[in-house]
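Asker: Starting off with a structure, shown below.
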Amino acid sequence: MSVNHPVLARSRAVLAAAAGATLVAGLLVAPPALADGGDPQPLGSASDLGVEAPAPDEVLDASPAAIPGRWLVEVEGEPVLRGGTRATNSSAQDAVSTRAEAASIPLTVEESFVQGWNGMSVEMDDTDVAKLRDVQGVSAVYPVLEVSAPVPSDSAPEDVYGNAMTGVDQVQEVDGLTGEGVTVAVIDSGIDYNNPDLGGSGVDDETADFPNDRVVGGYDYVGDDYDSSNGVPVAPDDYPDDCGGHGTHVAGIVGADGEVTGVAPEADFLAYRIFGCDGTSSTDVILEAMEQAQTDGADIVNMSLGASFMTWQDYPTAQLTDALTANGVTVVISAGNEGTAGTFSSGAPGVASDAITVASVDNTHLRTPYATAADEERAYSAATGGPAAPTSGELALIPAGAPGSEAGQACDPAAVAPASGAGEALLVERGVCSFHEKALAGQLAGYDAVILYNNSPGAVNPSVEGDPAITVPVVMIGQADGAALQEALAAGEVTWTWQQGTTVVENATGGLVSDFSSYGLTAELALKPDVAAPGGSIWSTVPLEQGGHGSKSGTSMAAPHVAGAAALLLESDSTLEPHDVKSAMMNTADPLTWSLMPDQGYLEPVHRQGAGLLDMVEATHSTTTVEEPSISLGEGENGPQAVTVSVTNDSDQDRTYDVGVRHGIATGAPTFDPTFYTAEGIAEPSASTVTVPARGTAEVSVTLGEDFGEDGIIYGGWVTLTGADDDLVVPFAGLSGDYQALPVLDDQGMGLPSLGVSDGAGGVLLDPEGGSTYTMQQGDVPYLAYYFSYPVETMEIRAYEVKKNGTMKVVNPSVGLIDSADHLGRSAEPEVFAWDGSYALKNEKSKTVKNGDYVLEMRVLKPLGDPENPEHWEEFTSPQFTISNPAPGKPGAR
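Start counting the sequence shown at 354; every next residue gets the next number (my numbering).
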């Protein structure tokens, strides 16, 4: 459909007027006037502003971050989609396998990839990885990462609000866009194609309705019982049905047509199932599905998943994403749900350069179950991991304690007053400890339900999963409702009455970036995410066995909104390439107010929202585009830089724009609890206006940079082009100072890095003084506990034997390392490396050290660091410890 069609010219005025009424609160606050440049002004840390950042446990998890024994081996040569050939790539992979065998590196090839990424997934001993990197023809070796099925939270029926927030409802109604003729691949937990909203008959039978008029194809890679920890698909069949629920919810947002109306209700689906009913998937399985989606002719691929904190853009799933987009497939990916963990928290494949990576914005309204108490309806979200909330019955409400008090948070079961009998519910404030701990305290005290209330504005969807299991209903109400009930209880008795059905309430955080939405940047300092869309409290389809419809929250819900929007754009103009779709969305997005101080007029950090909230009215109808959808400035030690962007006008009239810059809130160290600043870098447009000729192009130059005199502040904003008919933005971001000057090894308040010892129950206790003796049996091995506050270019671990005269001799001198890894992400939590005493010689199989005294050394090369520059490395050497293996020569359990 041509953007110059006269119908669209008339429609645009109607749409613009209608869309004006849908602006959400997050867009209505005018920005304050801030001085150009100058010193950053701190506004507080995330924890100061109420964000519950994850805190490390005293006992560390001994499980490795990557899946042991499974690796992705990249082989030299371009994949087919980049100009290589299948035969050449297969031959190169065979040659690598042969050379590995000759070098005494036993490996089993599980899967070969040639189409969009040239490499193999293999099983091999972890100790051989350092040797494999030196094999001729190997470009890189990456760990296979576990990918958890995102756990969206339950909440609410039909969501007309998400589509209204982005103007999707307007382009559906006025332009008649439905996504017809566009195929969207959903790589997820499958799709319940029995659901009538997705073309099904309404009969719950996985052998029926596939394929149907909507779900036209797909593949089950894993089976119901798959979990990546076992690495083996469990009876996959011909039916990519969904028993988990996540993929069906995602598909409904893309294009349900029934009780729920998705963004593109006539788009076709391909369902690629990479999750079982429970458990995790892995990046090698995801690679298979991605290649198949391209082979099967998908126009758009939606991946509401990712390996959190793997922010390097050369990870194989990110490489394959860029290969798909280079060959005409628009790839839309969720930014991740690690927002409370701070910066550098998104992951692959969403960090891919050419993907459209999507942040989540809270819905303006919530439709939720409810109860009545103190003469008002009290909307709630039911906690996952506990029994369903009743739809009838009364309970006497009992406060655990006053708001803000230790008793009121019910973290100490001994401090919770026991229930006086049956028929009572405990009212508990959020904060300090987990939802499971609070629920368990109420359960142990004999209450029939636990009513949690928020300690800050916004909707929260709690989980009470844990051991022991929660057996009483647990629900969460909002902060205002909690305060009102506390006040009513102070005046007398209050009865909580469960109700059937749902109620609609305004969301206090509607139009703001969701608290769970992850931050960029990528490890290479590229700007991510790209755009934001509704993802908090979205009503969509779920499998029939789960009720057919339900509400969930997550960036998993924001990505399919954008995937559906991409289908509408491709329907309107089938000549659009993936870059065109991405540019149209980003150019016309609307920057959002900062969620942590929504009344102060600041804008959310650009590395959390990208260009801003999707605006489909403008994306569909704007005749002006900026070729460069975003600007990544990198590190700032070289000073400000002049950036030029190209602006193209496809209309028959000249367009004049005022050129300006808006700044977002900046973030600084530490990454896991970032400090927020007003920190405007240098932003100097070369001219105050630009005129773009009809059917022509003009260039806009802006000098951007920083002058903070401080390393590590991530700053940015938007170059703005403000015209009579449309407004365009180009987001930019950079990091002040010297990236390699930032410390990577962080102590986490625990004295990390540190030697560790097993607690005998799958955990690790810190042993900072050393001196321990390890038997090397049943997990009694030396551990290195550490935390990376930034992504790491290279990690190397060496072991040294301490001789009786005090001198040290490196273990494994022919290789020099007992372990190494390239391109590791920032730590989500303290990590551990377990050494079972084994090492791999240059051309021999693994050996095991003899009994004696040893130390371990960890070296890390800082991100984008020069390996020849000693200042770009950080080192830690452990205290001395003793190995006393009763069965020498046999490595301990890893």
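Note that the Cβ used here is the ideal one computed from N, Cα and C, for glycine as well.
For clarity, every value in this text was computed on a predicted model and none was experimentally measured.
ALA919 and ILE1236 - do their beta-carbons sit closer together than 8 angstroms?
Answerer: Sequence index remark: in the sequence shown, residue 1236 carries index 883 (1-based). Sequence index remark: in the sequence shown, residue 919 carries index 566 (1-based). Contact: no.
Asker: Return the first residue and the last residue of the beta strand (DSSP E) that ARG731 is part of.
Answerer: The residue given as residue 731 occupies position 378 in the sequence shown. That run of the beta strand (DSSP E) goes 729-732.
Asker: CA-CA distance, ASP868 and ASN583?
Answerer: For the purposes of this step, residue 868 is identified with residue 515 of the sequence shown, where counting begins at 1. For the purposes of this step, residue 583 is identified with residue 230 of the sequence shown, where counting begins at 1. ASP868 and ASN583: Cα-Cα distance of roughly 33 angstroms.
Asker: For my contact list, ASN860 and ASN716 are in at a C-beta cut-off of 8 angstroms; report their separation, rounded to the angstrom.
Answerer: To locate residue 860, count along the sequence shown from 1; it is residue 507. To locate residue 716, count along the sequence shown from 1; it is residue 363. With a Cβ gap of about 6 angstroms, ASN860 and ASN716 count as contacting.
Asker: LYS1200 lies in the beta strand (DSSP E); which residues open and close that run?
Answerer: On the sequence shown, residue 1200 is found 847 positions in, with the first residue counted as 1. Here the beta strand (DSSP E) through LYS1200 covers 1199-1201.
Asker: Go ahead and pull the three-state DSSP assignment for ASN1002.
Answerer: Residue mapping note: residue 1002 aligns to position 649 of the sequence shown, counting from 1. Residue state, collapsed to three classes: strand.
Asker: Between the Cα of THR1001 and the Cα atoms of TYR723, VAL1053 and PRO882, which residue gives the shortest distance?
Answerer: Counting from 1 along the sequence shown, the entry for residue 1001 is found at position 648. Closest by alpha carbon: VAL1053.
Asker: Which same chain residues, not among the five before or five after ALA1094, have their C-beta less than 6 angstroms away from its C-beta?
Answerer: On the sequence shown, residue 1094 is found 741 positions in, with the first residue counted as 1. Contacts found: ASP1064.
Asker: Please name the residue or residues paired with THR1028 in a DSSP beta bridge.
Answerer: Indexing the sequence shown from 1 puts residue 1028 at position 675. The partner list for THR1028 (beta bridge, DSSP) reads SER398 and GLY1021.
Asker: How close, in whole Å, do the beta carbons of ALA736 and PHE788 come, if the pair is a contact with beta carbons under 8 angstroms?
Answerer: For the purposes of this step, residue 736 is taken as the residue at position 383 of the sequence shown. For the purposes of this step, residue 788 is taken as the residue at position 435 of the sequence shown. Sure, about 6 angstroms apart at Cβ, within 8 angstroms.
Asker: Give me, in chain order, the residues of the same chain whose beta-carbon lies closer than 8 angstroms to that of VAL1168; leave out the 5 immediate sequence neighbours on both sides.
Answerer: What you label residue 1168 is simply residue 815 of the sequence shown in a count that begins at 1. Taken in chain order, the residues that qualify are ALA483, LYS484, TYR1192, ALA1193, LEU1194 and LYS1195.
Asker: Under the assumption that ALA399 contacts PRO810 (Cβ atoms under 8 angstroms), give the Cβ distance between them as a whole number of angstroms.
Answerer: The residue given as residue 399 occupies position 46 in the sequence shown. The residue given as residue 810 occupies position 457 in the sequence shown. Wrong, their Cβ atoms sit about 16 angstroms apart, outside the cutoff.
Asker: When burial is assigned at 16 or more other CB atoms within 10 Å of the CB, is ASP968 buried or exposed?
Answerer: In the sequence shown, the residue the question calls residue 968 occupies position 615. With 16 or more Cβ atoms within 10 Å of its Cβ, ASP968 is classed as buried.
Asker: Check whether the Cβ atoms of THR908 and ALA642 sit closer than 8 angstroms, and answer yes or no.
Answerer: Stepping through the sequence shown from its first residue, residue 908 is reached at position 555. Stepping through the sequence shown from its first residue, residue 642 is reached at position 289. No. Outside cutoff.
Asker: Among residues of its own chain, excluding the 5 on either side of ALA1250, which ones have a beta-carbon nearer than 6 angstroms to its beta-carbon?
Answerer: Beyond the ends of the chain as shown, which are 354 and 1247, falls residue 1250; an answer cannot be given.
Asker: For a quick check, are the C-beta atoms of LYS935 and VAL704 less than 8 angstroms apart?
Answerer: Walking along the sequence shown from the start, residue 935 turns up at place 582. Walking along the sequence shown from the start, residue 704 turns up at place 351. No; because the gap between Cβ atoms is not below 8 angstroms, this pair is not in contact.
Asker: Under three-state DSSP, which class holds ILE639?
Answerer: Here residue 639 is taken as the residue at index 286 of the sequence shown, counted from 1. Helix, per DSSP.
Asker: Suppose you measure from the CA of ARG1247 to the CA of MET477; what does that come to, to the nearest Å?
Answerer: Taking the first residue of the sequence shown as position 1, residue 1247 is located at position 894. Taking the first residue of the sequence shown as position 1, residue 477 is located at position 124. Residue placement at ARG1247 is poorly supported in this model, since its pLDDT is 39, which falls under 50; the coordinates still yield a value, given next. Going from the Cα of ARG1247 to the Cα of MET477 covers about 14 angstroms.
Asker: One question on the structure: do ALA741 and ALA646 come within less than 8 angstroms of each other, judged by their Cβ atoms?
Answerer: Here the question's residue 741 lines up with position 388 in the sequence shown. Here the question's residue 646 lines up with position 293 in the sequence shown. No. Outside cutoff.
Asker: Identify every run of the alpha helix (DSSP H) within the region 951-1019, keeping only runs that are complete inside it and at least 4 residues long; order them along the chain.
Answerer: Runs of the alpha helix (DSSP H) inside the region 951-1019: 959-962 and 969-974.
Asker: Per DSSP, what kind of secondary structure is VAL654 in: helix, strand or coil?
Answerer: Your numbering for residue 654 matches position 301 in the sequence shown. Residue state, collapsed to three classes: strand.
Asker: Count Cβ pairs between the region 1074-1081 and the region 1001-1018 that sit closer than 8 angstroms; are there 3 or more?
Answerer: These segments touch.
Asker: If you pair each beta-carbon of the region 597-612 with each one of the region 888-901, do three or more pairs fall below 8 angstroms?
Answerer: At 8 angstroms Cβ cutoff, the stretches touch.
Asker: If we count the other Cβ atoms within 10 Å of its Cβ and call it buried at 16 or more, is THR1126 buried or exposed?
Answerer: For the purposes of this step, residue 1126 is identified with residue 773 of the sequence shown, where counting begins at 1. When all chains shown are included, THR1126 counts as exposed.
Asker: Of the residues SER1173, GLY1113 and GLY1104, which one's Cα is nearest the Cα of TYR1140?
Answerer: Along the sequence shown, read from residue 1 onward, the residue named residue 1140 stands at position 787. It is GLY1104.
Asker: Can you give me the Cβ contacts of ASN808 inside the same chain, cut-off strictly under 6 angstroms, excluding the 5 residues immediately before and after it?
Answerer: In the sequence shown, counting from the first residue as 1, residue 808 sits at position 455. Within the same chain, ASN808 has close Cβ partners GLU782, ARG783 and GLY784.
Asker: Closer than 6 angstroms by C-beta to SER999: which residues in its own chain qualify, once you throw out the five before and the five after it? Chain order, please.
Answerer: Here residue 999 refers to the residue found at position 646 of the sequence shown. Contacts found: GLU980, THR1050 and GLU1052.
Asker: Would you say ALA701 and PHE1025 are within 8 angstroms of each other, going by their C-beta atoms?
Answerer: Taking the first residue of the sequence shown as 1, we reach residue 701 at position 348. Taking the first residue of the sequence shown as 1, we reach residue 1025 at position 672. No, Cβ-Cβ distance for ALA701 and PHE1025 is not below 8 angstroms.
Asker: Please state the DSSP three-state secondary structure of ARG423.
Answerer: One-based indexing of the sequence shown puts residue 423 at position 70. Three-state DSSP puts ARG423 in a strand.
Asker: Which two residues bound the contiguous alpha helix (DSSP H) that contains ILE1264?
Answerer: Nothing in the structure corresponds to residue 1264, since the chain is present only between 354 and 1247.
Asker: Using the three-state DSSP reduction, which class does THR375 fall into: helix, strand or coil?
Answerer: Locating residue 375 in the sequence shown gives position 22, where the first residue counts as 1. At THR375 the pLDDT is 34, less than 50, meaning the model places this residue with poor confidence; the figure from the coordinates comes in the next sentence. It is coil, neither helix nor strand.
Asker: Run through DSSP, which three-state label would TYR579 get?
Answerer: Counting from 1 along the sequence shown, the entry for residue 579 is found at position 226. Three-state DSSP puts TYR579 in coil, outside helix and strand.
Asker: My output table needs one value for MET663: the three-state DSSP class, helix, strand or coil.
Answerer: One-based indexing of the sequence shown puts residue 663 at position 310. Three-state DSSP puts MET663 in coil, outside helix and strand.
Asker: Taking 8 angstroms as the cut-off, does the region 1117-1125 touch the region 1163-1182 (at least 3 CB pairs, one atom from each stretch)?
Answerer: Segments in contact, no.
Asker: Can you name the start and end residues of the alpha helix (DSSP H) that HIS932 belongs to?
Answerer: The residue given as residue 932 occupies position 579 in the sequence shown. Where HIS932 is concerned, the enclosing alpha helix (DSSP H) stretches over 931-940.
Asker: If we ignore side chains and look at the alpha-carbon of each, how far apart do GLY835 and GLY1115 end up?
Answerer: Position 482 of the sequence shown, counted from the first residue, corresponds to residue 835. Position 762 of the sequence shown, counted from the first residue, corresponds to residue 1115. Cα to Cα, GLY835 sits roughly 39 angstroms from GLY1115.
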